[in-house]
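Going down the list, the protein sequences come from chains R and D. Okay, so the first sequence: first residue is 0 according to numbering that gives the first Met the number 0, each after it adds one. Okay, so the second sequence: first residue is 0 according to numbering that gives the first Met the number 0, each after it adds one. For every residue, glycine included, the Cβ atom is placed at its ideal position computed from N, Cα and C. Data first, discussion second: the structure below is written as structure tokens.
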Amino acid sequence: MNGAVSESPRPRASPRRPALQIAGVWKAYGPTQALRDLSLALRPGRVSALLGSNGSGKSTLIRILAGVEQADRGWLEIAGERYSADSVSPDVARAAGLHVVHQERSIFPQLCVAENLAIGTGFATGRGGRIRWGELNRRAAEVLERFEIAARPEQQLASLSPSGQTMVAIARALQHQEGARDGILILDEPTASLPVQEVDRLLAALRRYAAAGQTILFVTHRLPEVRAIADDVMVLRDGRLVGELTGPDLDEGEMVDLLVGTSTVQRAAAPAARAAAAPFLAVDHAAGGSARDVTMTAAPGEVVGLAGLLGSGRSSVLKLLCGAVPLRAGRITLDGRAFAPRHPSDAIRAGIAYIPEDRIGDAAFPAMDVTENASALVLSDYWRNGRLRHSEERRDARDVMGSFDVRAPSETAPFGALSGGNQQKLVLARSLRRGPKLLLLDEPTQGVDVGARAQLHGIIRDAVAAGAAAVIVSSDFDELEALCDRVVVLVGGAVGSELSGAELTAERVHRAAFAAGAGP
Amino acid sequence: MSTMTPAPVEAAPETRRGRSARSQLGALAEPYALVALLGVVVVFFSLWPETSETYPTVANIQAVVGNQSVLGIAALAALVPLAVGQFDLSVGAVLGLSSVFSASVMASGAPIPVAVLVGIGIGVAAGLVNGAIVTVLKVNSIIATLGTATVIAGIVTLKTEGGSIIEGIPLSLTDFGSGNTFGVPRTALVLAGVALAAYYVLEHTPFGRYLLSVGTNARAAHLVGLKVDRLLLASFVIAGGLAGAAGVLQVARGGGANPGVGESFTLPALAAAFLSAAAIKPGRYNVGGTLVAIFFLAALNSGLNLAGAEAYVSDWVNGVALIAGIALASALGRGRAAWARDEGPSEEERSQ
Chain R
0 MNGAVSESPR PRASPRRPAL QIAGVWKAYG PTQALRDLSL ALRPGRVSAL LGSNGSGKST
60 LIRILAGVEQ ADRGWLEIAG ERYSADSVSP DVARAAGLHV VHQERSIFPQ LCVAENLAIG
120 TGFATGRGGR IRWGELNRRA AEVLERFEIA ARPEQQLASL SPSGQTMVAI ARALQHQEGA
180 RDGILILDEP TASLPVQEVD RLLAALRRYA AAGQTILFVT HRLPEVRAIA DDVMVLRDGR
240 LVGELTGPDL DEGEMVDLLV GTSTVQRAAA PAARAAAAPF LAVDHAAGGS ARDVTMTAAP
300 GEVVGLAGLL GSGRSSVLKL LCGAVPLRAG RITLDGRAFA PRHPSDAIRA GIAYIPEDRI
360 GDAAFPAMDV TENASALVLS DYWRNGRLRH SEERRDARDV MGSFDVRAPS ETAPFGALSG
420 GNQQKLVLAR SLRRGPKLLL LDEPTQGVDV GARAQLHGII RDAVAAGAAA VIVSSDFDEL
480 EALCDRVVVL VGGAVGSELS GAELTAERVH RAAFAAGAGP
Chain D
0 MSTMTPAPVE AAPETRRGRS ARSQLGALAE PYALVALLGV VVVFFSLWPE TSETYPTVAN
60 IQAVVGNQSV LGIAALAALV PLAVGQFDLS VGAVLGLSSV FSASVMASGA PIPVAVLVGI
120 GIGVAAGLVN GAIVTVLKVN SIIATLGTAT VIAGIVTLKT EGGSIIEGIP LSLTDFGSGN
180 TFGVPRTALV LAGVALAAYY VLEHTPFGRY LLSVGTNARA AHLVGLKVDR LLLASFVIAG
240 GLAGAAGVLQ VARGGGANPG VGESFTLPAL AAAFLSAAAI KPGRYNVGGT LVAIFFLAAL
300 NSGLNLAGAE AYVSDWVNGV ALIAGIALAS ALGRGRAAWA RDEGPSEEER SQ
């Protein structure tokens with residue numbers, strides 16, 4: 000077997016032997032230590048839930064187990080076979096019986112169920128390489144029956160329910176296992192995008208597979224699901240295993256304690272209560288995108304945080320406000336006047352600046368230069384007497400680079416040549432050139448280094464001190480604690496709670512996001 | 000989130016400096032590589048004994064420059080939709096349609112200005128149809144314009160029944176098409192005017208910048224408040240209008256309208272528009288680069304022609320140029336976008 004470090008004797012038939020043992024795994028990304036001496040074990044035939052917040056290292060671990068990334072140090076042991084964790088490739092992982100299923104990434108909605116099952120593992124072919132449909136469908140029918148999936152082989156995958164599609168993806172991963180005990184099924188947030196009744200169907204199916212002896216590692220954010228399905232719970236924080244719980248009777252409170260840890264950083268004195276300025280922005284029972292019922296306000300000089308788990312609707316709120324997603328229900332007022340943007344240009348005219356989460360995909364013109372990016376929102380200012388004032392435009396771009404510390408070789412360097420932090424400073428500075436009254440920031444410091452992050456916070460604070468209101472979405476709850484006057488916590492598209500003053504700590508935000516994590 | 004960034008931000012600038020230092024010379028030479036190549040072609044055919052008698056003569060230069068004017072305007076027509084990231088494969092067909100209808104209007108005795116307006120108007124109408132198919136019906140522009148080009152070819156056949164229109168074209172127009180002013184072909188003056196206008200619109204107006212922004216990143220353009228669909232529609236209308244104008248010029252140059260002439264322009268026009276991203280302003284479709292590309296291909300084809308090469312050789316040249324242009328444009332574009340992708344949000348961040 001490839002990648003095996005040492006040949007161990009065949010596994011003894013001991014039920015206590017772990018199905019998967021991970022020991023001393025380290026992984027760094029540049030200066031960031033994602034996993035620190037991580038060790039854990041999965042017991043065979045059980046469902047283990049892997050919990051962890053953003054940056055806890057759980058995605059890194061899944062990637063290492065999938066062979067997509069290699070660890071710096073450490074080893075894995077699967078069914079008695081030992082592998083060096085720095086040499087596991089996707090092929091080795093598969094051969095060793097690690098089956099990682101990513102929701103939505105590995106299915107082909109346009110193809111039929113039988114094709115989905117055969118893709119990647121081989122089609123039954125006859126002479127001349129033609130697909131033997133009869134054989135293919137017969138095999139698929141067998142697999143569907145074995146995994147108790149209510150579907151026909153020739154049915155188009157898109158016509159299945161979302162949970163059915165996930166089950167097909169699982170069945171594809173597991174179909175060639177000799178017996179249920181051989182492999183480990185790793186599910187990376189399989190329920191993140193499923194409606195609630197679909198979640199139940201999927202969990203029921205997983206319970207059946209586990210009862211048949213399948214070892215399952217289940218990654219999720221939703222604690223009630225963990226309680227419903229997991230036998231064992233492992234919690235990661237800062238790249239380490241910080242706690243293990245064993246069911247039955249898993250306690251959600253205990254899980255949250257482990258997830259959050261005890262906050263050692265005390266909140267600096269709460270900012271002096273601001274004079275209650277009339278809110279500039281008022282959102283009243285708004286719905287649109289994944290937001291179902293959101294009511295919130297933001298006043299000039301105030302920074303309001305929006306927290307929540309993936310899919311809680313936090314980004315949707317910003318998109319509603321900036322005109323990128325239509326308002327389905329409810330009402331928005333700006334400065335006391337009804338506001339219903341139909342296009343981002345309406346929001347920009349109304350004094351709203353939106354900084355999207357995906358800098359490259361949604362905000363930047365990577366092939367254009369720094370100057371052109373810097374003036375994207377104010378270009379008409381340079382259009383005088385029938386021509387664009389290019390030299391003035393470049394001079395102002397240099398000024399922007401100077402005052403916001405955007406480091407680039409020159410103002411004519413392509414935007415793409417800037418580092419992430421400088422790109423983000425430029426995108427933010429670009430919006431501020433219009434003197435916005437409301438800043439909407441989606442993950443403003445994601446993927447930037449510590450120095451740039453502090454600078455970005457400074458830029459936001461300055462804009463707010465100058466009288467703007469700001470709404471910030473961040474999955475980094477420490478950032479929300481540091482930056483915000485109030486934090487609105489969204490749960491399943493609606494406001495779960497609101498924290499301010501001494502209550503506003505990363506830990507409380509964290510608990511609020513999870514505690515109500517009962518799903519939609 | 001920032002604690003899990005796989006892209007090591009600190010390390011990146013250093014590799015960047017190293018890379019850019021190595022390619023500094025290349026970056027300086029890049030805008031003028033095609034210009035230099037044009038020079039090499041001209042010098043070669045001027046010195047090569049086979050063609051040194053005929054190639055560097057005033058008559059040949061006038062012929063080459065004059066003949067390229069129609070193609071030049073067609074290439075500028077193709078350039079505008081390319082700037083917004085769309086293909087217009089109907090420029091040749093629209094050119095042919097315009098030349099047939101404007102010639103037939105003139106043949107029936109209408110004054111020249113009316114015929115010019117008919118030609119341009121037909122082009123604008125065709126552009127509106129293309130633009131509407133792309134923006135309203137959301138059909139991929141390659142498919143949309145391939146479809147309209149085919150329909151237009153049918154209209155031309157219906158109108159002409161396969162025959163050329165050569166009778167009744169006013170002499171003043173054909174004189175314009177074949178005459179020179181101070182030794183410069185008059186059609187070339189028209190091309191110069193159109194090119195100047197296109198350069199002005201693309202480089203010196205907010206509208207032009209908006210077109211290029213949409214071509215670079217349509218999602219970001221939408222979020223900075225641009226009306227993307229309107230800009231797409233406008234680009235097809237401009238392309239149609241320019242192709243229509245080229246059609247009228249073709250009547251002047253050729254002294255009539257040949258129903259089969261239009262399609263032969265599409266491929267070289269697109270090839271030149273694509274090659275423009277490899278010259279003058281590398282990585283960006285631009286007017287100067289388009290002209291350089293046109294005359295590079297013309298100088299090469301003319302030389303081969305005078306050397307006695309078979310006609311099919313110029314087909315090879317145009318075909319290879321189209322592919323080379325696209326390959327170069329995407330390679331240069333990749334070089335620029337690669338920086339961006341290196342720094343983009345990782346899977347990790349998005350899945351969190």
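{"Check": "Cβ-based neighbour list, Phe403 (chain R), same chain, cut-off 6 Å, excluding 5 preceding and 5 following", "Outcome": "Lys424, Ala428"}
{"Check": "The stretch 180-210 of chain D: positions lying closer than 7 Å to chain R by Cβ", "Outcome": "His203, Thr204, Pro205, Arg208"}
{"Check": "Secondary structure, alpha helix (DSSP H): runs of 4+ residues fully inside the stretch 65-131 of chain R", "Outcome": "89-94, 112-117"}
{"Check": "Residues that Glu197 (chain R) contacts on chain D, provided the C-beta gap is smaller than 7 Å", "Outcome": "The premise fails here: Glu197 (chain R) is roughly 20 Å from chain D at the closest Cβ pair, so nothing lies under 7 Å."}
{"Check": "Residues from the stretch 115-130 of chain D in contact with chain R, defined by Cβ distance under 7 Å", "Outcome": "none"}
{"Check": "Short Cβ contact (8 Å threshold) for Leu280 (chain R) with Leu193 (chain R)", "Outcome": "no"}
{"Check": "Straight-line gap, Arg266 (chain R) to Glu506 (chain R) (C-alpha atoms, nearest Å)", "Outcome": "In this prediction, Arg266 (chain R) scores a pLDDT of 43, lower than 50, which makes its location untrustworthy; no coordinate-derived value is stated."}
{"Check": "Beta strand (DSSP E) segment containing Lys26 (chain R), residue limits", "Outcome": "19-28"}
{"Check": "Gln454 (chain R) versus His221 (chain D): straight-line alpha-carbon distance, rounded", "Outcome": "27 Å"}
{"Check": "Exposed unless 16 or more other CB atoms sit within 10 angstroms - verdict on Ser275 (chain D)", "Outcome": "buried"}
{"Check": "Any chain D beta carbon closer than 8 Å to Leu360 (chain R)", "Outcome": "Just to set this straight, residue 360 (chain R) is Gly in the shown sequence, not Leu. Judged by the 8 Å Cβ criterion, Gly360 (chain R) is in contact with chain D."}
{"Check": "As assigned by DSSP and simplified to three states, the class of Thr4 (chain D)", "Outcome": "At Thr4 (chain D) the pLDDT is 31, less than 50, meaning the model places this residue with poor confidence and gives no usable figure here."}
{"Check": "At least three beta-carbon pairs within less than 8 Å, the stretch 24-37 of chain R to the stretch 70-90 of chain R", "Outcome": "yes"}
{"Check": "Beta-carbon spacing of Pro258 (chain D), Val41 (chain D) below 8 Å", "Outcome": "no"}
{"Check": "Buried or exposed by the 16-neighbour rule on C-beta atoms within 10 Å, applied to His284 (chain R)", "Outcome": "exposed"}
{"Check": "Neighbour flag for Leu193 (chain R) against chain D, beta carbons, 8 Å", "Outcome": "no"}
{"Check": "Partner residues on chain R for Ser212 (chain D), Cβ-Cβ distance less than 8 Å", "Outcome": "Phe364, Met367, Glu371, Ala375"}
{"Check": "CB contact flag (Gly423 (chain D), Gly91 (chain D), <8 Å)", "Outcome": "Nothing about residue 423 (chain D) can be read from this structure; chain D reaches only from 0 to 351."}
{"Check": "Check: Thr59 (chain R) C-beta below 7 Å from any heavy atom of the ligand FMN", "Outcome": "Of ligands this structure carries none, so the ligand FMN is not represented either."}
{"Check": "C-beta neighbour in chain R for Met215 (chain D), strict 8 Å", "Outcome": "The identity of residue 215 (chain D) in the sequence shown is Thr, whereas the question assumes Met. Yes, its Cβ sits closer than 8 Å to a Cβ of chain R."}
{"Check": "Per-residue burial, Ser353 (chain D) [other beta carbons within 10 Å of its own, 16 or more giving buried]", "Outcome": "Residue 353 (chain D) lies beyond the stretch modelled for chain D, which goes from 0 to 351, so this question has no answer here."}
{"Check": "Nearest to Gly253 (chain D) (by Cα), restricted to the options D:Glu29, D:Ala308, D:Phe181, D:Thr173", "Outcome": "D:Thr173"}
{"Check": "Three-way DSSP call (helix, strand, coil) for Ala267 (chain R) in this model", "Outcome": "Note that Ala267 (chain R) has pLDDT 45, beneath the 50 cutoff, so the model's placement of it is unreliable and no number is given."}
{"Check": "When R:Ile63, R:Ala149, R:His101, R:Arg200 are compared against Ile169 (chain R), the one with the closest alpha-carbon", "Outcome": "R:His101"}
{"Check": "Cβ-Cβ separation, Asp441 (chain R) to Leu317 (chain R) (assumed contact under 8 Å), whole Å", "Outcome": "5 Å"}
{"Check": "Cβ pair Leu241 (chain D), Val193 (chain D) closer than 8 Å", "Outcome": "yes"}
{"Check": "Residue nearest to Leu70 (chain D) in terms of C-alpha spacing, selected from D:Leu269, D:Ala278, D:Val316, D:Ala233", "Outcome": "D:Leu269"}
{"Check": "Of the residues R:Gln155, R:Thr219, R:Gly434, R:Gly312, the one placed nearest Cys111 (chain R), counting alpha carbons only", "Outcome": "R:Gln155"}
{"Check": "Validate contact between the stretch 353-373 of chain R and the stretch 179-197 of chain D using beta carbons, cut 8 Å, 3 pairs", "Outcome": "no"}
{"Check": "Among R:Ile118, R:Ile354, R:Ser311, R:Pro223, the one whose alpha carbon lies nearest that of Ile106 (chain R)", "Outcome": "R:Ile118"}
{"Check": "Min CB distance Val223 (chain D) to chain R below 8 Å", "Outcome": "yes"}
{"Check": "Nearest candidate by alpha-carbon position, reference Gly182 (chain D), set D:Val57, D:Val128, D:Trp47, D:Asp314", "Outcome": "D:Val57"}
{"Check": "contact_flag[the stretch 471-483 of chain R, the stretch 299-313 of chain R] where n(CB pairs < 8 Å) is 3 or more", "Outcome": "yes"}
{"Check": "Residues from the stretch 330-349 of chain R in contact with chain D, defined by Cβ distance under 9 Å", "Outcome": "His342, Pro343, Ser344, Asp345, Ala346, Ile347, Arg348"}
{"Check": "Interface flag, Tyr208 (chain R) vs chain D, CB-CB below 8 Å", "Outcome": "no"}
{"Check": "Proximity to Pro169 (chain D) [Cα-Cα], best of D:Thr50, D:Ser103, D:Tyr31", "Outcome": "D:Ser103"}
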